[in-house]
Amino acid sequence: MHPHLHTKDNAACEEVMNALEECHARGFMWKAMGMCNDAKQNLVQCLKAERWKSQSINRNGVAEKKDRVRQKWKEIDENS
């Protein structure tokens, strides 16, 4: 598996990643015959879910930051 996938952000998918690595370790023909497709699909779904969680957290953080900025500007306008 690619080293950049083994990060703290993808820790929930580590077991699925290891399963795909083990499947790939069986050899080229094993991969070529499509025997690792299920493991790969499971990994894709897991990474997609983790990315969705991360995006959701980021979106909420941005909304809170925008609210704080709007409040500050409102205070500035009122004091002017």
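Just so it is clear: in the sequence shown, position 11 is 20 by my numbering, and no numbers are missing. Ideal placement from N, C-alpha and C gives every residue a C-beta, glycine not left out.
Assuming residue i and residue j are in contact, meaning their beta carbons sit under 8 Å apart, how far apart are those beta carbons, in whole angstroms?
i	j	result
C22	E59	6 Å
C32	A48	5 Å
Please return the same chain residues whose Cβ sits closer than 6 Å to the Cβ of residue i, not counting the five positions on each side in sequence.
i	result
H51	Per the sequence shown, the amino acid found at residue 51 is Asn instead of His. Within the same chain, N51 has close Cβ partners V25.
C55	C22, V25
Assign residue i to one of three DSSP states: helix, strand, or coil.
i	result
M38	helix
C45	coil
With a CB to CB cut of under 7 Å and the five nearest residues on each side skipped, what residues in its chain are close to residue i?
i	result
E87	none
Keeping to the same chain, check which residues put their C-beta closer than 8 Å to that of residue i; ignore five residues upstream and five downstream.
i	result
K40	C32, H33
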